[in-house]
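**Student:** Sharing a structure, written as structure tokens. Questions coming.
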């Protein structure tokens, strides 16, 4: 939300307050509401969970498909634009606080993963869980600035999927994007208590060298057959599905934020 929009709502709230309240108290109340607007109780649930639930519903209804024809799932990115309001400031009030980067990352994690893997995540009892996160801060984001949060899959092994989230702003001179921070999220796919091998989920989603051929096979399978194949209980119904490498992108592990343990 832009600063102009916030100022507009401030004026509207002032008009609604009783005339018996002193103007100074009105201004103080509206200023307090404006400063804390982004961290007001319940707002996180609306701004984060509503889009998340929307993408979850789209995945389960078969309406969500990655907007890319590239067989490599790492090329698919998900971006949301956010505003660094006063309520997200550090102790001095000039820059985005470190904890606010985690708040911002929450806005893209669920929608990105659900839109990347709609087929496996549409199956009964299949979900993803966050294992850990790590951040690397490069340059502060000023309060009052608009910034982009972009998440992408960078690697996976036999258990974990690794996602990098980038926090960027546009250069005023029209140059390259300014990188302010990066975050690594380690995510696991589950069916109940069972761990799902990422390579199988990616094959079921239609990615990989044989993605197009796999899609034809998957489209002929029932949801029950897809689930049984995904967790390794029924190889026969999906015997034509070709699974790619069990590990991809792990060679860049040393350059990721934080200490990562596979």
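In full-length UniProt numbering, the protein residues as written are 1 to 262. For every residue, glycine included, the Cβ atom is placed at its ideal position computed from N, Cα and C.
Going by the DSSP bridge assignment, what does residue 148 pair with across the sheet?
**Tutor:** According to DSSP, which records beta bridges pairwise, residue 148 is partnered with 81 and 168.
**Student:** Give me whichever residues DSSP pairs with residue 103 in a beta bridge.
**Tutor:** BP columns for residue 103 are empty, so no partner.
**Student:** Report yes if the CB atom of residue 187 is closer than 8 Å to the CB atom of residue 131, and no otherwise.
**Tutor:** yes
**Student:** Contact defined as beta carbons within less than 8 Å: I believe residue 73 pairs with residue 202. What is the distance between those atoms, to the nearest angstrom?
**Tutor:** 6 Å
**Student:** Does residue 221 pass the burial test, meaning 16 or more other C-beta atoms within 10 Å, or should it be called exposed?
**Tutor:** buried
**Student:** Am I right that residue 223 and residue 123 are in contact with their C-beta atoms under 8 Å? What's the rounded C-beta distance?
**Tutor:** 6 Å
**Student:** Output the distance between the C-alpha atoms of residue 121 and residue 159, rounded to the nearest integer angstrom.
**Tutor:** 16 Å
**Student:** Between residue 257 and residue 184, how many whole angstroms is the CB-CB distance? I'm expecting something under 8 Å.
**Tutor:** 5 Å
**Student:** I need the boundaries of the beta strand (DSSP E) containing residue 131, first residue and last residue.
**Tutor:** 126-137
**Student:** Whole-angstrom Cβ separation of residue 94 and residue 141, contact assumed at under 8 Å?
**Tutor:** The distance from the Cβ of residue 94 to that of residue 141 is about 10 Å, inconsistent with a contact at the 8 Å cut-off.
**Student:** Among the residues of its own chain, which have a CB less than 8 Å from the CB of residue 175, if the five just before and after it don't count?
**Tutor:** For residue 175, where only same-chain residues beyond five positions count, there are no Cβ hits under 8 Å.
**Student:** Would you list the one or two residues that DSSP bridges to residue 154?
**Tutor:** Looking at the DSSP assignment, residue 154 forms no beta bridge with any residue, so it has no partner.
**Student:** Under DSSP, the alpha helix (DSSP H) around residue 217 begins and ends at which residues?
**Tutor:** For residue 217, the uninterrupted alpha helix (DSSP H) segment begins and ends at 211-220.
**Student:** Looking at the structure shown, is residue 202 part of a helix, part of a strand, or coil, going by DSSP?
**Tutor:** helix
**Student:** Whose C-alpha, out of 128, 59 and 145, is nearest the C-alpha of residue 85?
**Tutor:** 145
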